[in-house]
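Counting in the UniProt record's numbering, the sequence shown runs from 1 upward without gaps. In this text, a Cβ means the ideal position worked out from N, Cα and C, and glycines have one as well. Just so you know, these numbers come straight off a predicted model, no measurement behind them. Have a look at the structure below before the remarks.
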Amino acid sequence: MINLFTYNSTNKYKNTIKQINIRADKIKNYSNILFKEETTKIRDEIKNSSIDEKDIKIKAFATVKEAIFRATGLTLFDVQLLGGLTLKDGNIAEMKTGEGKTLVALLPAYLYSLNDKGVHIVTVNDYLAERDANLAKKIFSYLGITIGLITQNTTNESRKKEYRKNITYITNSELGFDYLKDNMAIHKNDILQRKFYYAIIDEVDSILIDEARTPLIISGNAKKQNDFYENAKEISNILKHTIDYEIDEKSKSIILTVEGISKCEKILKINNLYSINSPWIKYIINALKAKEFFLKNRDYIIKNNQITIVDEFTGRIMIGRRWSEGLHQAIEAKENVKIEAENKVLASITYQNLFLLYGKLSGMTGTAKTEEEEFINIYNMNVMCMPTNKPCLRKDLTDLVYKNEYIKWQAVANECLDMYTIGRPTLIGTTSIQQSELLSKILEELQIPHNLLNAKPENVAKESNIISEAGRKNTITIATNMAGRGTDIILGGNPEKIAEQEIRQYIKNKCNKITKKENLNNHELELIIKNIKIYDDNNENSEIEYLKELKELYRSIEKNYKNKCKEEKEYILEIGGLYIIGTERHESRRIDNQLRGRSGRQGDRGTSRFFLSLQDNLFRIFGGQNIEKVINKLNIDSDTPIESILLTKSLNSAQKKVEAYFYDIRKQLFEYDEVIHSQRKAIYSERNKILNYSFNRDCIIEYGEQTIQEMLNAYYKDRSNKFILEKIIKLLNLKINVHDLSAMNFNETKRYFNEQFRISYDLKEMYLEQLRPGLIRQLEKYYLLQQIDKAWQEHIDKMNLLKEYIGWRSYGQQDPLIEYKNEAFNLFINMITYIRQTVIYSIMRSRLIIDI
């Protein structure tokens with residue numbers, strides 16, 4: 001085992017890990033009943049502060065280590081304890097694939113759960129959340145800790161209960177949407193979440209870096225403008241690149257030329273395309289973006305006659321997600337599918353600001369070091385690289401660069417043929433569905449059996465099986481982006497998974513004989529498999545009589561494959577282990593490292609190599625032409641690849657530039673969102689206060705007096721405007737004339753109106769109480785929440801428009817961010833004033849008649 005204490009960064013944990021192991025050995029002989037009492041003991045010690053924090057940490061970690069052993073038979077390595085300590089201190093643990101991150105998260109999760117404030121373990125998809133929650137339930141059943149699970153399928157009734165569990169597994173999107181929904185609730189019983197306390201984010205780089213550019217949005221439907229989208233599509237097809245518009249691939253922006261503007265104005269028969277009264281420019285730019293930047297089977301697929309987004313980082317389809325600001329509709333028009341109504345933003349938040357709401361935050365991933373600066377600057381989290389339990393023996397070979405793309409794909413196919421011939425398992429990573437299918441066709445022509453995994457629905461269903469098979473002899477696997485797949489590639493295969501597949505097929509074939517049913521649906525089949533796996537010979541279930549026979553068959557198959565898989569693994573290791581082939585460098589080095597990291601797990605041998613062409617996006621956008629000129633001067637044959645350390649370094653440099661560019665975008669997004677986030681916190685705090693109070697009279701009185709003061713301020717600036725006083729008199733239903741107030745000064749007038757407002761409100765309250773007891777309290781809450789929500793939604797729209805146009809201020813030598821902050825402050829003050837005035841007007845002018 002590697003001596004982890006030779007690493008300077010981990011020396012401070014050396015003594016703590018030693019003490020955790022001593023404590024774990026001490027409690028090993030406890031009975032299950034005595035062992036479960038450890039939770040109560042540690043919880044009491046935390047409440048009474050009878051021992052220091054370090055001792056509590058040692059006891060908690062040792063207890064989890066023993067619970068994991070009792071539930072799974074696995075003993076945590078020291079590097080896993082180190083990972084847990086890193087997470088406990090609010091940092092990011094970078095742990096390579098196969099090092100057991102799932103178990104590591106349980107260590108700090110248990111410790112923080114003892115405060116009964118709720119711990120969230122956040123994952124990137126429902127499959128991982130469910131898988132990890134089931135494992136945690138098994139382990140924490142020994143410690144009396146409750147485990148919650150929230151996925152897309154969790155009902156609203158169940159969510160509140162799941163959030164109240166000690167530890168809750170949830171996806172990042174469900175967490176964010178529940179937060180926004182809670183802040184749109186109209187009754188306190190509808191609130192699901194508790195105050196955010198501690199979170200552990202799995203695949204932290206994917207959530208806090210990759211998804212940070214896209215805010216979470218809850219939206220309602222706005223008016224549909226089909227003609228605009230269709231006409232803009234027709235215009236975009238007429239416009240020609242370089243003549244009518246210019247493309248900036250780095251920033252993914254499009255600018256119309258003078259010729260293009262003139263052509264659009266002529267087609268639309270308008271004088272000024274950029275006039276404030278003309279809506280066309282937005283639709284035309286979106287149509288051009290849909291045409292140039294968004295490709296079918298790369299950025300989206302068509303599923304059930306709908307445009308479904310493909311995540312560029314994970315290669316997964318994102319059901320329910322839509323591009324905003326009319327872009328999704330432009331793509332629907334392009335593909336001739338039904339155009340859905342554009343969305344109106346009701347509430348939104350970025351992942352950056354969502355996770356900064358936690359008292360303490362930590363995360364884990366296999367690749368985060370390249371983004372350490374961003375994690376420190378925005379999230380105040382350091383990235384700690386955990387040493388592997390066994391040395392990494394993977395060889396990362398220098399890139400091979402070909403002149404054109406066709407030759408590159410031929411070379412990849414030939415490499416696959418060579419690997420298939422010797423039986424070496426090979427995983428090929430592609431960046432799009434189109435590429436994966438192209439390579440699949442080439443391999444079919446060469447008669448090379450292979451598995452294909454991409455975002456298409458027919459392939460997604462087989463994902464877990466395809467990945468678990470990817471380490472077997474003679475297996476070639478093509479996959480789009482490998483981030484966050486959640487299934488380890490085990491050399492020689494996973495005997496448990498293979499046995500599961502075989503027993504599943506056996507049950508299907510002998511369905512009638514075994515279960516006395518003609519057919520089984522997938523749910524019934526999976527339930528039988530689950531029951532087989534948990535079946536205990538000493539606790540027979542007489543209701544399912546065939547389980548014992550199936551369990552024996554399952555054990556027999558698993559035992560048989562254990563030997564076969566072991567022999568297969570030994571052979572694969574002899575010929576070099578898993579071979580990773582990358583077919584294009586990603587914009588981020590992390591994504592490339594995630595692909596490489598699939599090989600060389602737990603001390604296995606392995607190799608990785610990237611096959612590139614000068615037509616790849618990274619070369620084409622970032623200086624491929626210069627390299628091509630050099631190659632042409634050297635008269636290198638088209639079929640001959642270039643293998644150069646200098647070339648690899650230039651690619652790494654290009655990737656760093658792209659990463660820096662996107663970091664600037666995320667940083668700018670964060671800086672701009674910080675402005676609205678402070679406003680969001682203020683408005684949500686006020687809303688929450690109103691929602692939880694049953695008596696909001698004081699709030700109404702305060703709003704009323706502030707409204708009167710604001711109106712009087714306006715009047716006393718310009719006494720000629722008697723209309724302001726008339727409005728106050730009418731609002732309060734007073735029987736006086738404006739002239740009766742002319743002799744009063746500001747303070748006298750204010751005092752008079754405040755007194756009359758309280759009298760009017762008392763009369764209103766008495767009237768409504770006669771109609772129905774408690775009605776005034778209901779109306780107060782209703783009008784307050786209604787006007788806050790309405791004003792906030794309108795404010796979001798104004799802020800989005802402001803952000804869109806504020807950039808032009810830079811041409812006037814003004815800092816757009818400072819200008820944005822100033823304008824945003826004025827908009828917020830106006831919104832608060834509007835809320836107060838509309839609430840008072842609504843409640844004072846309401847006329848209710850209730851039929852009894």
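The criterion of a C-beta distance shorter than 8 Å is not satisfied by Glu-558 and Pro-641. Looking at the DSSP output, Ser-613 shares a beta bridge with Tyr-402. Here Asn-115 has Ile-46 as same chain residues with Cβ atoms under 7 Å from its own Cβ, once five neighbours each way along the sequence are excluded. Residue pairing by DSSP places Gly-704 in no beta bridge whatsoever. Tyr-245 is bridged by DSSP to His-241, Leu-256. A direct Cα-Cα distance of roughly 50 Å separates Asn-617 from Ile-58.
When Asp-299, Ile-407, Ala-330 are compared, the shortest CA-CA separation from Asp-227 is found for Ala-330. Tyr-197 and Leu-361 have their C-alpha atoms some 9 Å from each other.
If you draw a 10 Å sphere on the C-beta of Gln-193, you find 16 or more other C-beta atoms in it, and that means buried.
Per DSSP, the continuous beta strand (DSSP E) segment holding Arg-394 begins and ends at 393-396. Bounds of any beta strand (DSSP E) do not take in Met-386, whose DSSP letter is neither H nor E.
Within 10 angstroms of the beta-carbon of Asp-797 lie fewer than 16 other beta-carbons, which makes it exposed. Taking C-beta separations shorter than 7 Å and ignoring five residues to either side along the sequence, the partners of Glu-502 in its chain run Ile-557, following chain order.
Shown here, Glu-340 sits in coil according to DSSP, grouped into three states, outside any helix or strand. Of all alpha-carbon atoms in Lys-160, Phe-77, Leu-491, Glu-500, the one lying nearest the alpha-carbon of Glu-552 is that of Glu-500. In the structure shown, Ser-694 adopts coil according to DSSP, grouped into three states.
Distance from the Cα of Ile-407 is smallest, within the candidate group Glu-373, Leu-354, Thr-583, for Thr-583. Annotated three-state conformation of Gln-813 is coil, per DSSP. In this structure, DSSP gives Tyr-300 an extended state, which the three-state scheme calls strand. In the pairwise beta carbon analysis, the segment 582-599 is classified as touching the segment 651-660: at least three pairs are separated by under 8 Å. Collapsing the DSSP output to three states places Ala-368 in coil. With a cutoff of 8 Å on beta-carbon distance, Ala-62 and Ala-24 are scored as near each other. Separation of the CB atoms of Ile-167 and Ala-136 is rounded to 7 Å, and the pair is thereby assigned contact status at 8 Å. Its Cα nearest to that of Asn-593, the residue Thr-370 stands out among Tyr-112, Arg-43, Thr-370.
At a Cβ-Cβ threshold of 8 Å, Asn-389 and Gln-602 count as neighbours. When DSSP states are grouped into helix, strand and coil, Glu-570 belongs to the helix group.
When secondary structure is reduced to three states using DSSP, Ile-736 falls in the coil class, being assigned neither helix nor strand. At a Cβ-Cβ threshold of 8 Å, Leu-734 and Gln-756 count as neighbours. Taken through DSSP and simplified to helix, strand or coil, Ser-219 comes out as strand. Taking the C-beta atoms as reference points, Met-384 is found no nearer than 8 Å to Ile-843. Where Ala-24 is concerned, the enclosing alpha helix (DSSP H) starts and stops at 14-26. By the Cβ neighbour-count rule, Gly-429 is buried, with 16 or more other Cβ atoms within 10 Å of its own.
Here DSSP, grouped into helix, strand and coil, assigns Ala-479 to strand. With fewer than three CB-CB distances shorter than 8 Å, the segment 466-480 does not count as touching the segment 330-339. Per the DSSP secondary-structure output, Ile-428 pairs in a beta bridge with Ile-478, Ile-581. DSSP, read as helix, strand or coil, puts Arg-666 in helix.
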